Amino acid sequence: PVMSAGRTKAGTRATDQYIVSVTQGPPAEFYAVDVSFAALKGDPEFDYLNSLPTSFALPDEAVDRLRAAAGRIILASPDFQRLLKDVGLKITPKPMGSTR
82 PVMSAGRTKA GTRATDQYIV SVTQGPPAEF YAVDVSFAAL KGDPEFDYLN SLPTSFALPD
142 EAVDRLRAAA GRIILASPDF QRLLKDVGLK ITPKPMGSTR
């Protein structure tokens, strides 16, 4: 193996052992969840959100609408629903009037 200057062979072995221990863990499954405005095509909110400027400063209403749209999009995602099912979770709507 290639070693950097000043690195000992023992240090390399310790690093290699760590990498082996990390990569020999349980198999991981990845879930790609697309959260994009394209999921809102046909929804009146699509045009509004798509016309927002790319900016670090948006009006509070725009931020609220962006967050609400992101929540709707992710909850409607079949991949996100599969993730929830696979890990045994369920998202329930918050009660009316709740601020959290």
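To convert, count from 1 in the sequence shown and add 81; that's the numbering used here.
Glycine included, every Cβ here is placed at the ideal spot set by N, Cα and C.
Owing to the predicted nature of the structure, the values given are computational and were not obtained by experimental measurement.
Item                                                                                                                                                          : Value
Short of 8 Å in beta carbon distance, which residues of its chain neighbour Ser117, apart from the five on each side in sequence? Order them along the chain. : Ile154
Who are the Cβ neighbours of Gly169 in its own chain at under 8 Å, not counting the five residues just before and after it?                                   : none
Pairs of beta-carbons, one from the segment 107–116 and one from the segment 129–145, closer than 8 Å: are there three or more?                               : no
Residues in the same chain with beta-carbon distance under 7 Å from Ile172, minus the five sequence neighbours each way, listed in chain order, please.       : Leu156 and Leu165
Using the three-state DSSP reduction, which class does Ile172 fall into: helix, strand or coil?                                                               : coil
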